[in-house]
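Note sheet for the following structure.
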Amino acid sequence: MKINQVLVRYGELSTKGKNRSSFIGRLRDNVRQTFSDLKGIQIKAERDRMFITSDSEQQLAQVIERLPHVFGIQSFSPVTACELDMETMKKTAEAVIAKIEDTDKSFKISVKRPFKEFPHEKPEIMKELSSHVLRVFPDLKVQMKDPEIDLKVEVRKEAVYMMAEVIQGAGGLPVGAGGKALLMLSGGLDSPVAGYHMLKRGVRLELIHFFSPPFTNERAKEKVFDLAEKLSQFGSSVNLHIIPFTQLQQEVHKQVPDNITMTSTRRMMMRVADLVMAETNCRAIITGESLGQVASQTLESLQAINAVTNTPILRPLIATDKLEIIDTAQKIGTYDISIRPFEDCCTIFTPANPKIKPKLEKVEYYENFVSFDEMIGEAVSQREVIKFPRIKENQFEDLL
Amino acid sequence: MIYLDNSATTKPKKEVLDAYMKVNELFYANPSSLHVLGNQAEDLLETARTQLKNLLHMENVVFTSGGTEANNLALIGTAQSYQHRGKHIITAETEHPSVLNSLVALERQGFNITRLPVDSSGGIHVDELKKSLQNDTILVSLMHVNNEIGTIHPIADIARLLRKRRIFFHVDAVQSIGKLIFDPTALPDLITLSAHKIHGLKGSGLLAYSGVELETIQYGGGQESGIRSGTVSVPNAVALAKALRLVEPNPLHKQWNQDLRQFFSGFNGVKIVSPKQAAPHILAVAVKGIKGEILVSGLQKESVIVSTSSACSSKTRHTSRVIQAIGLPREFKDGVIRISFGEFTTEQDIIALKTAFQRVYRMIKGV
Numbered sequence: 001m002k003i004n005q006v007l008v009r010y011g012e013l014s015t016k017g018k019n020r021s022s023f024i025g026r027l028r029d030n031v032r033q034t035f036s037d038l039k040g041i042q043i044k045a046e047r048d049r050m051f052i053t054s055d056s057e058q059q060l061a062q063v064i065e066r067l068p069h070v071f072g073i074q075s076f077s078p079v080t081a082c083e084l085d086m087e088t089m090k091k092t093a094e095a096v097i098a099k100i101e102d103t104d105k106s107f108k109i110s111v112k113r114p115f116k117e118f119p120h121e122k123p124e125i126m127k128e129l130s131s132h133v134l135r136v137f138p139d140l141k142v143q144m145k146d147p148e149i150d151l152k153v154e155v156r157k158e159a160v161y162m163m164a165e166v167i168q169g170a171g172g173l174p175v176g177a178g179g180k181a182l183l184m185l186s187g188g189l190d191s192p193v194a195g196y197h198m199l200k201r202g203v204r205l206e207l208i209h210f211f212s213p214p215f216t217n218e219r220a221k222e223k224v225f226d227l228a229e230k231l232s233q234f235g236s237s238v239n240l241h242i243i244p245f246t247q248l249q250q251e252v253h254k255q256v257p258d259n260i261t262m263t264s265t266r267r268m269m270m271r272v273a274d275l276v277m278a279e280t281n282c283r284a285i286i287t288g289e290s291l292g293q294v295a296s297q298t299l300e301s302l303q304a305i306n307a308v309t310n311t312p313i314l315r316p317l318i319a320t321d322k323l324e325i326i327d328t329a330q331k332i333g334t335y336d337i338s339i340r341p342f343e344d345c346c347t348i349f350t351p352a353n354p355k356i357k358p359k360l361e362k363v364e365y366y367e368n369f370v371s372f373d374e375m376i377g378e379a380v381s382q383r384e385v386i387k388f389p390r391i392k393e394n395q396f397e398d399l400l
Numbered sequence: 001m002i003y004l005d006n007s008a009t010t011k012p013k014k015e016v017l018d019a020y021m022k023v024n025e026l027f028y029a030n031p032s033s034l035h036v037l038g039n040q041a042e043d044l045l046e047t048a049r050t051q052l053k054n055l056l057h058m059e060n061v062v063f064t065s066g067g068t069e070a071n072n073l074a075l076i077g078t079a080q081s082y083q084h085r086g087k088h089i090i091t092a093e094t095e096h097p098s099v100l101n102s103l104v105a106l107e108r109q110g111f112n113i114t115r116l117p118v119d120s121s122g123g124i125h126v127d128e129l130k131k132s133l134q135n136d137t138i139l140v141s142l143m144h145v146n147n148e149i150g151t152i153h154p155i156a157d158i159a160r161l162l163r164k165r166r167i168f169f170h171v172d173a174v175q176s177i178g179k180l181i182f183d184p185t186a187l188p189d190l191i192t193l194s195a196h197k198i199h200g201l202k203g204s205g206l207l208a209y210s211g212v213e214l215e216t217i218q219y220g221g222g223q224e225s226g227i228r229s230g231t232v233s234v235p236n237a238v239a240l241a242k243a244l245r246l247v248e249p250n251p252l253h254k255q256w257n258q259d260l261r262q263f264f265s266g267f268n269g270v271k272i273v274s275p276k277q278a279a280p281h282i283l284a285v286a287v288k289g290i291k292g293e294i295l296v297s298g299l300q301k302e303s304v305i306v307s308t309s310s311a312c313s314s315k316t317r318h319t320s321r322v323i324q325a326i327g328l329p330r331e332f333k334d335g336v337i338r339i340s341f342g343e344f345t346t347e348q349d350i351i352a353l354k355t356a357f358q359r360v361y362r363m364i365k366g367v
């Protein structure tokens, strides 16, 4: 008896009323994209369940490995399907239980019978299957409340489905259901985690990164590529916009006093991001800012930086501690990338004594002497856009 | 020369050598360097690593100088890292010296080692293993296929048993990779692999592992996530990835093995040492009252290369540990030779071996 299917239970969708079908469609597309490299997988999205089917056990193992990263899924179960026949059902139940390593646990069988024409009634099915299973595994103990093994049997028109395992999904909403926003991705620990939180709420991401060669090098860029790649593995592809930022950054340093360069640089970034956001049909900008973490993340700083735009700036991490952020980064696999020690454009020109309470009027006054508009426009137009997951033409193919 | 000593080493494939040369010419930069050439070399290294991880179904791969270093790292690295959980390690008495001697070193540090005995087929019994498990057992190390006589250990069963009890399982797969297929539903936690046994290059191997934190046994600049410092040889890594991708079990090995078993059982004074269920590419036989080295040199005169029981211990005088352990009758003990096939072995080689053996046997026995 083989597992030939994975049954997927939807997340928050039950509250979505009339928009339900668009949510399910979105989730189906995301699941399809997640497994686009596995040919031979079939995805069928029904009103309350999704079924992923394949003849290859190896492909199903891949499905089980990747599904916990797809948002909008409450939980899923590897399913063994069999014909609507009592004897086959007994054998199948036996095989499903046999897969569980300890067969001295408490257990119960619950039966659903949406296919009413099936000649056996629910209590009969339950009785037949349990007595067979208990005969084969005499160490199992029947327990109706919170058993360790809950063998679920669903009798449907096309087949009987059995499952004994429930694996937690990522929860949240299917990515894309909540529109699109632009994430400012630095290469540090915070911004990928901020992106992850928004993905979980169904927001599709565009990414923007400020690149200042030769002050920041290829390795720093590679790091951002790897982070983008990770973020693209949560059910939706992402575009990364690499902004050539050296000239703007140098100009800021020429124009404004040292202790407010940081505020001013961030204002420039925000202005650049605003333009990219509009061009890519995003509805908001996301940052990884967390209150009080560094000088640029005081309320006064945030206010001064924010003043250049009317766009909603989403800061999902604003009230989280560094340790919580690190935990999430480890969980989602960005931690090891983020801690690689390369300079990014925020660290290269850090002044010795940045103002933690910059005055907006002063910042505006100093910036006033140069028109940054043209340079900002140029940076935006000269940006490099890369799509993730990267379709890597394997340049090393002949070597490996 | 007809080469039938593939368990000692295999001839590198041309494709593997080509890859090695090309990487040395084009991607010679240090993969840890910051510049663009370093970056390219690192990309290539990581692509090779990913390929290996996928082929082996493992989460991590650390490149080593070969099987011996990988075994050392697996045992000492795991033991040091988990000694707070316990100090008991289990192995079999017929393991490779790189495993047994690492364990002797650990024993000196206060670890407690159980060396399971083997039966006449060279195999341990799973029940015996079960019985020797203790509350403080942290690691079990076994080879998948014995290098001298080809015994196969039931790796998947043991992996399932140990996983339930959260005991790490290391498998020295040097002799089995490319010959036998791992059950992907019951993999060990650590796997040792050596390139030159799969038509790759000597001086290169790896330890693949999942879910284990290893303590380093080699200190330096922190390469390979700090587990194995030292500049990584990108050409070796690529050649290993290529060798593993190209290696394939040859269904003919089984047929030749059976054919030779039948052939040797036609001789009165010849005993087949390999168990019935052995790996197909290794066949050990023994001739009564004749030293193995005489057979080896006799066959060599007939242009056929085979070996005494194991190349690693063939220059020491005493009988190999494995031959001792399986309890071979005294008159056969010294007469063991090992015939092992590789991917370049042909039907003609088998025929030539048979002819050569007949002549040598007749000559020695004076018939």
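Chains A and B are the protein sequences, given in the same order.
All letters in the first sequence, in the order written, are residues 1 to 400 by UniProt numbering.
All letters in the second sequence, in the order written, are residues 1 to 367 by UniProt numbering.
Glycine included, each C-beta is placed from N, C-alpha and C at the ideal position.
Cβ-based neighbour list, A98(A), same chain, cut-off 7 Å, excluding 5 preceding and 5 following
none
Please report the residue range of the beta strand (DSSP E) in which P78(A) lies.
I73 to C82
Run through chain B and tell me which residues come within less than 7 Å of R219(A), C-beta to C-beta.
L34 and N39
What are the start and end residues of the alpha helix (DSSP H) that includes N112(B)?
Unbroken run through N112(B) is the beta strand (DSSP E), N112 to L116; no alpha helix (DSSP H).
Identify the continuous alpha helix (DSSP H) that holds E94(A) and give its terminal residues.
Start and end: M86 to A98.
Consider the Cβ of F137(A): report whether some Cβ of chain B lies at a distance smaller than 8 Å.
Any Cβ of chain B closer than 8 Å to the Cβ of F137(A) would place that residue at the interface, and such an atom is absent.
Could you tell me how far apart the beta carbons of K11(B) and L246(B) are, in whole angstroms, since I believe they sit closer than 8 Å?
Not really, about 13 Å apart at Cβ, beyond 8 Å.
Kindly list the residues whose CB is nearer than 8 Å to the CB of A379(A), restricted to its own chain and excluding five residues on each side of it in sequence; keep chain order.
If we look at A379(A) and ignore the five residues flanking it on each side, its Cβ neighbours are I243, P244, F245, Q247, L248 and V272.
For K14(B), go through chain A and note every residue whose CB falls closer than 7 Å to its CB, in chain order.
None at all; the shortest Cβ gap to chain A is about 13 Å.
Using a Cβ-Cβ cutoff of less than 7 Å, which residues in the same chain neighbour T298(A) once the five nearest sequence positions on both sides are dropped?
G292, I356 and K357
Quick one, are the C-beta atoms of Y161(A) and A61(A) less than 8 Å apart?
no
Excluding sequence positions up to five away, which residues of its chain have a Cβ less than 8 Å from the Cβ of S237(A)?
Q33, K387, F388 and P389
Can you say whether A45(A) is buried or exposed, counting buried as having 16 or more other CB atoms within 10 angstroms of its CB?
buried
Under 7 Å by beta carbon: chain B residues contacting F396(A):
L44 and T47
Taking Cβ positions, are A241(B) and A48(B) nearer each other than 8 Å?
Against a cut-off of 8 Å, the Cβ pair of A48(B) and A241(B) comes out as a contact.
Within 10 angstroms of its Cβ, does M21(B) collect 16 or more other Cβ (buried), or is it exposed?
exposed
Tell me which residues share the same chain as R26(A) and place their Cβ nearer than 7 Å to its Cβ, disregarding the 5 neighbours each side in the sequence.
Excluding sequence neighbours, R26(A) sits near P174, G176 and A177.
Where the region 196 to 223 of chain A meets chain B: residues whose CB sits under 8 Å from a CB there
N217, E218, R219 and E222
Cβ neighbours of L34(B) in the same chain (closer than 7 Å, five flanking residues each side left out)
none
Could you pull the DSSP bridge partners for L60(B) from this structure?
Note that residue 60(B) is Asn in the sequence shown here, rather than Leu. Bridge partners of N60(B): Y209(B).
Any chain B beta carbon closer than 8 Å to L399(A)
yes
Whole-angstrom C-beta distance between A79(B) and L139(B), which should lie under 8 Å
Correct: roughly 6 Å between the Cβ atoms.
Any idea what DSSP makes of T350(A), helix, strand or coil?
Three-state result, T350(A): coil.
Taking Cβ positions, are R338(B) and S307(B) nearer each other than 8 Å?
Yes; because the gap between Cβ atoms is below 8 Å, this pair is in contact.
Are three or more beta carbon pairs between the region 333 to 351 of chain B and the region 282 to 293 of chain B nearer than 8 Å?
yes
Need the endpoints of the beta strand (DSSP E) that I191(B) sits in, please.
L190 to S194
Between K365(B) and chain A, is any beta-carbon pair separated by less than 8 Å?
no
Proximal residues of chain A, C-beta to C-beta of A241(B) below 8 Å
Within 8 Å Cβ-Cβ: L400.
When the Cα atoms are used, what is the spatial distance from G38(B) to Y28(B)?
8 Å
When DSSP labels each residue in this structure, what does F51(A) get in the three-state scheme?
strand
Helix, strand or coil: how does DSSP classify M1(A) here?
Bear in mind that a pLDDT of 49 at M1(A), under 50, signals an unreliable position, so the model cannot answer this.
What does A19(B) reach in chain A if we use C-beta pairs closer than 9 Å?
D398, L399 and L400
C-beta contact flag for Q109(B) and N147(B) at 8 Å:
No. Outside cutoff.
Helix, strand or coil, according to DSSP, for A92(B) in the structure here?
strand
With respect to the alpha helix (DSSP H) encompassing F342(A), which residues constitute its N-terminal and C-terminal limits?
Taken as a continuous stretch (DSSP letters only), F342(A) belongs to no alpha helix (DSSP H), as it is neither H nor E.
E15(B), DSSP secondary structure in three states
helix
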